[in-house]
Amino acid sequence: MTVHESDDITTPAPAKDEYASAKSGDVLVKVEGLHKYFGKLHVLKGVDFEVRRGEVVVLIGPSGSGKSTLLRCLNFLEEPQKGKIRIDNVTVACGTHGKEYTEAIKAMRLKCGMVFQEFNLFPHKSATENVMEAPVLVKGLSKEAGTEKARALLTKVGLADRMDYFPSQISGDQKQRVAIARALAMEPTLMLFDEPTSALDPELIGEVLNVMKALAQEGMTMIVVSHEMGFARDVADRVIFMDDGVFVEQDAPMHLFYHPQHERTRMFLRHILPEKDPRAAAELGITVDDEGTTEIVPEIPIGPGPAGELPLEEPPGGEVV
Ligand SMILES: Nc1ncnc2c1ncn2[C@@H]1O[C@H](COP(=O)(O)OP(=O)(O)OP(=O)(O)O)[C@@H](O)[C@H]1O
Ligand SMILES: [Mg+2]
54 MTVHESDDIT TPAPAKDEYA SAKSGDVLVK VEGLHKYFGK LHVLKGVDFE
104 VRRGEVVVLI GPSGSGKSTL LRCLNFLEEP QKGKIRIDNV TVACGTHGKE
154 YTEAIKAMRL KCGMVFQEFN LFPHKSATEN VMEAPVLVKG LSKEAGTEKA
204 RALLTKVGLA DRMDYFPSQI SGDQKQRVAI ARALAMEPTL MLFDEPTSAL
254 DPELIGEVLN VMKALAQEGM TMIVVSHEMG FARDVADRVI FMDDGVFVEQ
304 DAPMHLFYHP QHERTRMFLR HILPEKDPRA AAELGITVDD EGTTEIVPEI
354 PIGPGPAGEL PLEEPPGGEV V
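In the numbering used here, the protein residues as written are 54 to 374.
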């Protein structure tokens, strides 16, 4: 494996034009100089990035690197102390106060649908009631229209036969699909997913990923924190590797996974990920043998990326350090 030139991670890696042009939509999300502290803990250290309309961005990185915090800052579940966030036509200057700020935050929250690892459904409400709750309460939809909308969305996520079930009566993947339908019911411009499948048994993950894949194909703009590497490889336009509150590297999945430029990215993909999540690593053809040696198994076929691109340069293979 070739060691590439710069391993400097102090400078966040900017998005290259080639990924921006992979999706030709306008810039839907623009984040500039975002800082988030929890007390003295500096969690986001000046994050800058853009997401184009229709783009699917997958965020990976070690535990504690700030992935969830970043998503939560985008819809103001957490308030960043510094920086600027624009989503669509709403801009918030972080660290300010007052009516304008509060109104902008409210508008920003309506732009984002968020799906969490733990589903967060109302246990005493049926699937339909969970989905219709926000459109009726927040958007003032009539109960009839809300029910109709919820039923259409539940059908869309493959739950036509579970509409009247309560969360305790359905499986984990079904709960997560209800949660996705619930987020979609507010007609968000951007969907944020924070490890949507990591609480699920492996055999249930596929159903949720299929719903997400279909959403991506419909053109939904999505930022997904996930270590589902097969999904990232097949669906993402761009994968961002985040560590210690900065974006270390971002690239098209085939490039980032098979030709990472930074030592920290290589370390994560080749060592941390296989140890933490062998199944996810194996999806990229990365395995660890009994002696703890990481191998990229060449015989695992690597499919083309979303734009049909194949790994160029050296094919993955052989032992890596
Ligand atoms: N509400 C909070 N109060 C104090 N510290 C927090 C809070 N939320 C997150 N942190 C800290 O911020 C850092 C980043 O956490 P975050 O949850 O964003 O990481 P992550 O990349 O999502 O990790 P994981 O992969 O484990 O989900 C961690 O050190 C975490 O302990
Ligand atoms: Mg997290």
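For each residue, glycine too, the CB sits at the ideal point set by N, CA and C.
Alpha helix (DSSP H) segment containing residue i, residue limits
i      : result
Met185 : Ala180 to Leu190
His177 : Where His177 is concerned, there is no enclosing alpha helix (DSSP H), given that its DSSP letter is neither H nor E.
Leu81  : Careful: Leu81 lies outside any alpha helix (DSSP H), inside the beta strand (DSSP E) at Val80 to Phe91.
Phe284 : Met282 to Val288
Glu336 : Pro331 to Glu336
Phe310 : Pro306 to Tyr311
Host beta strand (DSSP E) of residue i (start-end)
i      : result
Leu123 : Note, Leu123: premise wrong, no beta strand (DSSP E); alpha helix (DSSP H) at Lys120 to Leu127.
Thr149 : From DSSP, Thr149 is part of no beta strand (DSSP E); its letter is neither H nor E.
Arg139 : Lys135 to Ile140
Phe169 : Taken as a continuous stretch (DSSP letters only), Phe169 belongs to no beta strand (DSSP E), as it is neither H nor E.
Asp297 : Taken as a continuous stretch (DSSP letters only), Asp297 belongs to no beta strand (DSSP E), as it is neither H nor E.
Leu94  : Leu94 to Arg105
Ile339 : Ile339 to Val341
Proximity test, residue i beta-carbon vs ligand 2 heavy atom, cut-off 7 Å
i      : result
Lys120 : yes
Asp247 : yes
Val278 : yes
Residue i CB to nearest heavy atom of ligand 3 below 7 Å
i     : result
Val80 : Annotation note on ligand 3: not contained in the displayed structure, which lists ligand 1 and ligand 2 as its ligands.
Proximity test, residue i beta-carbon vs ligand 1 heavy atom, cut-off 7 Å
i      : result
Ser116 : yes
Leu94  : yes
Phe91  : yes
Whether residue i touches residue j by CB criterion (8 Å)
i      : j      : result
Ala232 : Leu174 : yes
Leu268 : Met244 : yes
Ile138 : Leu87  : yes
Arg162 : Asn183 : no
Val111 : Val301 : no
Glu197 : Gly136 : no
Gly211 : Arg235 : no
Arg105 : Val145 : no
Leu326 : Thr318 : no
Thr242 : Ile140 : yes
Asp226 : Leu257 : yes
Gln170 : Ser118 : no
Ser221 : Pro176 : yes
Met239 : Ala187 : yes
Phe294 : Ile113 : yes
Asp247 : Val288 : no
Tyr154 : Ala180 : no
Glu131 : Lys83  : no
Pro286 : Leu322 : According to the sequence shown, residue 286 is Arg rather than Pro. For Arg286 and Leu322, no; Cβs fall outside 8 Å.
Contact with chain C by residue i, beta-carbon distance below 8 Å
i      : result
Met320 : Structure shown: chain C not included; a single protein chain is present.
Bridge partners - residue i, DSSP secondary structure assignment
i      : result
Ile276 : Val110 and Leu245
Glu316 : None, per the DSSP bridge assignment.
Glu302 : Phe294
Val143 : Ile140
Segments assigned alpha helix (DSSP H), at least 4 residues, entirely inside the segment 197-254: 225-237
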